[in-house]
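In what follows, a single structure is set out as structure tokens and then discussed.
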Amino acid sequence: MRSSQSLQTRNIGQIGPAVKDEDCVAFLQWSLPELGYRWAGYRKVRRQVCQRIDRRLRELRLPDFDSYRDYLKNDTGEWDRLDTYCRIPISRFYRDRSTFDYLRGTVLPGLLDEALRRGDREFLCWSAGCASGEEPYTISLIWCLGLGPHAPALPLRIIASDIDPHLIARAESGCYRASSLQDLPIGWRERAFAHDDDEFYLNGEFRSGVEFVIGDVRTWAPDATVHLLLCRNLAFTYFDDKAQRKVLRHLTERLRPAGIFLIGKHETLPENSELQPISSKLGIYRKTGAR
């Protein structure tokens with residue numbers, strides 16, 4: 022996350038007093054439930070959100086958070102803008118290495134064998150809340166550099182969705198900084214990327230079969246059911262309990278019986294009898310039902 026000067030010492034332009042962290046916290050604790058978010062998910066990332074709101078206050082020439090509360094009450098459309106400020110895209114290739122190592126070495130080979138036994142025509146994955154594309158491209162790398170050659174007749178198709186069109190545009194460009202690649206297994210960066218100084222460009226063979234879609238995880242889903250579904254460090258971190266349960270139902274409807282569901286390794290799921298843990302420590306679950 023980008024470092025920033027403390028909000029406790031910054032002024033809002035020339036029109037108001039210093040913006041205190043405690044004031045922003047109070048504002049977030051008031052506003053987040055209105056958006057279906059929970060304060061617990063924002064404690065560590067609140068500075069980034071407060072920075073964005075700080076800039077918005079200056080744009081509106083509002084002196085403090087109380088004034089912004091009144092503004093929200095009088096302009097309901099502003100809630101949509103505030104919702105965008107509360108999205109925290111943090112992603113890297115192969116983020117949470119132990120999870121992807123286990124997925125690569127144990128879970129996906131078994132899932133692939135099951136798909137081949139059934140005679141499936143493709144292996145379908147959905148990365149929900151894909152941010153700037155590191156997660157779905159990680160799945161593509163795992164497939165192309167290990168699994169895929171053992172099943173050439175079974176093509177991989179990845180649907181990657183995110184609500185932010187700017188992040189989707191970045192994902193489609195396939196261009197990343199070196200810091201985004203730091204967790205990749207040894208040799209993968211050299212095999213999969215061309216680079217120019219600190220810009221790394223994912224080669225076309227690893228981008229093939231990855232389709233990016235602008236869509237809100239709360240309301241959008243692909244038409245087809247998928248073998249593998251990833252929704253990591255988003256819904257089960259930031260959404261409140263009601264929204265989590267609703268999103269979980271929405272997501273698991275698109276997961277095939279015996280399909281694999283991934284969340285962040287520090288997240289927990291609301292109770293759901295359809296999902297059984299393979300490794301709750303790593304955030305890996307299987308949907309119950311015939312294989």
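Just so we're aligned, residue 22 is where the sequence shown starts under my numbering, counting upward by one. Glycine is no exception: its CB is placed at the ideal position from the N, C-alpha and C atoms. Since this is a predicted model, take the numbers as computed values, not measurements.
Problem set entry | Cβ shell of L205 (< 7 Å), same chain only, five flanking positions each side left out | Closer than 7 Å at Cβ, skipping near neighbours: F114 and Y115.
Exercise. What separation, rounded to the nearest whole angstrom, lies between the Cα atoms of T105 and K302?
Worked result: Cα to Cα, the separation comes out at about 30 Å.
Exercise. Which residue comes first and which comes last in the beta strand (DSSP E) that contains V66?
Worked result: From DSSP, V66 is part of no beta strand (DSSP E); its letter is neither H nor E.
Exercise. Expressed to the nearest angstrom, what Euclidean distance is found between the alpha-carbon atoms of W100 and G167?
Worked result: Their Cα atoms are separated by approximately 45 Å.
For this session: Write down the C-beta distance between A149 and L251 rounded to the nearest angstrom, noting that I regard them as a contact closer than 8 Å.
Result: Cβ atoms of A149 and L251 come within 8 Å of each other, at about 7 Å.
For this session: Check whether the Cβ of F282 lies closer than 9 Å to any Cβ atom in chain C.
Result: Among the chains in the structure shown there is no chain C, since it carries only a single protein chain.
For this session: Could you tell me which residues DSSP puts in a beta bridge with S148?
Result: BP columns for S148 point to A181 and L251.
For this session: Go ahead and label V238 buried or exposed: buried means 16 or more other beta carbons lie within 10 angstroms of its beta carbon, across all protein chains shown.
Result: That one is buried.
Exercise. What do you reckon, are the CB atoms on S182 and G230 nearer than 9 Å?
Worked result: No. Outside cutoff.
Exercise. Buried or exposed: where does D218 fall if 16 or more other Cβ atoms within 10 Å of its Cβ makes it buried?
Worked result: Here D218 is exposed, its C-beta having fewer than 16 other C-beta atoms within 10 Å.
Exercise. Where A39 and R82 are concerned, what is the direct C-alpha to C-alpha distance, given to the nearest angstrom?
Worked result: Unreliable positioning characterises A39 in this predicted model, as indicated by a pLDDT of 49, which lies under 50. The coordinate reading is nonetheless provided below. Straight-line measurement puts the Cα of R82 at about 14 Å from the Cα of A39.
Problem set entry | Other residues of its chain near I299: CB distance less than 7 Å, five sequence neighbours each side excluded | Excluding residues within five positions, the ones whose Cβ falls inside 7 Å are V128, I305, Y306 and R307.
Problem set entry | I109 to D91 span [Cα, whole Å] | Each residue's Cα considered, the two are about 25 Å apart.
Exercise. How many angstroms separate the CA atom of R142 from the CA atom of L177?
Worked result: Looking at the backbone, the Cα of R142 and that of L177 are separated by about 9 Å.
For this session: Helix, strand or coil for K308, going by three-state DSSP, please let me know.
Result: DSSP places K308 in strand when its eight states are reduced to three.
For this session: Please state whether DSSP places Q297 in a helix, a strand or coil.
Result: Strand.
Exercise. Just to confirm, are R275 and P243 a CB contact at a threshold of 9 Å?
Worked result: Yes; because the gap between Cβ atoms is below 9 Å, this pair is in contact.
Exercise. Taking the DSSP output, what are the residues bridged to L223?
Worked result: For L223, which the question treats as bridged, DSSP gives the partners F214.
Exercise. Roughly how far, in whole angstroms, is the beta-carbon of A192 from the beta-carbon of F221, given that I think they are within contact range, below 8 Å?
Worked result: Between the beta-carbon of A192 and that of F221 there is about 14 Å, and that puts the pair past the 8 Å contact cut.
For this session: Give the straight-line distance between the Cα atoms of A136 and L272, rounded to the nearest whole angstrom.
Result: A136 and L272 have their C-alpha atoms spaced approximately 20 Å apart.
For this session: Locate the beta strand (DSSP E) running through P16, then write down its first and last residues.
Result: Coverage of the chain is limited to positions 22 through 312, which leaves residue 16 absent and any answer about it impossible.
Exercise. Where do the N-terminal and C-terminal ends of the beta strand (DSSP E) with L283 fall, by residue?
Worked result: Per DSSP, L283 belongs to the beta strand (DSSP E) from L276 to L283.
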